[in-house]
Amino acid sequence: TVAVYLGERNILLGGEPGAGKSNGLNLITAHGALSADCDLVLIDGKQVELGPWRHSAIRFIGPSITDAIACGKWLHGVMNGRYDELVAAGHRKITPGSGQRVYLVVIDEYAYFSATVGTKAQQAEFGALIRDLVSRGRAAGIIVILATQRPSFQIIDPSLRDLFGYRWAFRCTTDASSDVVLGQGWASAGYSAATIDPLARGVSWLLAEDGTPQRIKAAYLSDAQIAHLAANAARLRST
Numbered sequence: 035t036v037a038v039y040l041g042e043r044n045i046l047l048g049g050e051p052g053a054g055k056s057n058g059l060n061l062i063t064a065h066g067a068l069s070a071d072c073d074l075v076l077i078d079g080k081q082v083e084l085g086p087w088r089h090s091a092i093r094f095i096g097p098s099i100t101d102a103i104a105c106g107k108w109l110h111g112v113m114n115g116r117y118d119e120l121v122a123a124g125h126r127k128i129t130p131g132s133g134q135r136v137y138l139v140v141i142d143e144y145a146y147f148s149a150t151v152g153t154k155a156q157q158a159e160f161g162a163l164i165r166d167l168v169s170r171g172r173a174a175g176i177i178v179i180l181a182t183q184r185p186s187f188q189i190i191d192p193s194l195r196d197l198f199g200y201r202w203a204f205r206c207t208t209d210a211s212s213d214v215v216l217g218q219g220w221a222s223a224g225y226s227a228a229t230i231d232p233l234a235r236g237v238s239w240l241l242a243e244d245g246t247p248q249r250i251k252a253a254y255l256s257d258a259q260i261a262h263l264a265a266n267a268a269r270l271r272s273t
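If you count by our numbering, then the sequence shown holds residues 35 to 273, one letter each, in order.
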């Protein structure tokens, strides 16, 4: 069993279509939705992957780069406001005892916002906002979960990609693609998502910032199970 404490770790997910990446993303989102001390912010270029959880989110952004940028600016303001409060209180970071909720920012189809829609200036602005959240947000209780098929330098700036403490690589087509997710050199060391059987959905490599990749299999959630969990989470948040 592998456990990740989401309160202090940003996570990057990558892998080819159909490898199980979206299921992994739904597992993380489900955990956040069912956590009483967490506020969800969901950004989904397709809408359908994170859409079932929209009733549990304080903000849900679909395929609009204008809305995505506005959401990034809002989160940036929340982050800076929290740091002002931390400085005034003489604290260094948000803790479970502080009484402040964690913001779990889940982004699916990052490439849609960074390389597909909008102008180059808008794409760069969105990327800069997300990079700042990943770089400075942890201590303020803002955690970013980012998923994309292949986080190459054309899709995600390496200076952002390398900030993620956890890398989760589902099946990739080449060793080079696997290294793009996990980091340079892991494939030659025997840790390559290209060796995963195409039919073994959910099988993947998970790398923590202070260790070596671990081969794991993500639990599968059917559409019916996601709908049930999402409805339950929305009901609990409305009470």
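Built from N, CA and C at the ideal position, the CB exists for glycine as well.
- Considering only ALA242, LYS127, ALA265 and LYS154, the residue with the shortest C-alpha distance to LEU216 is ALA242.
- Rounded to whole angstroms, the gap between the alpha carbons of ALA123 and SER212 is 43 Å.
- In the three-state scheme derived from DSSP, where H, G and I count as helix and E and B as strand, ARG201 is classed as strand.
- Unbroken alpha helix (DSSP H) stretches of 4 residues or longer found wholly inside the region 86 to 132: 99 to 123, given in chain order.
- Taking C-beta atoms under 8 Å as the contact rule, HIS89 and ALA258 fail to qualify, at a distance of about 17 Å.
- Under the DSSP assignment, LEU263 falls in the alpha helix (DSSP H) whose first and last residues are 257 to 272.
- If you look at ARG249, you'll find it in the beta strand (DSSP E) that goes 248 to 251.
- Under DSSP, THR182 takes part in a beta bridge, and its partners are GLY48.
- The three-state secondary structure of ASP244, taken from DSSP, is coil.
- In this structure, VAL214 keeps its C-beta atom at 8 Å or more from the C-beta atom of ARG249.
- Taking all protein chains in view, the Cβ of ALA265 is surrounded by fewer than 16 other Cβ atoms within 10 Å, so the residue is classified as exposed.
- The beta carbons of LEU138 and ILE177 sit closer together than 8 Å.
- PHE198 is a Cβ neighbour of ILE45, given a cutoff of 8 Å.
- Cβ-Cβ distances below 6 Å link GLN218 to nothing in the same chain once the five nearest sequence neighbours on each side are left out.
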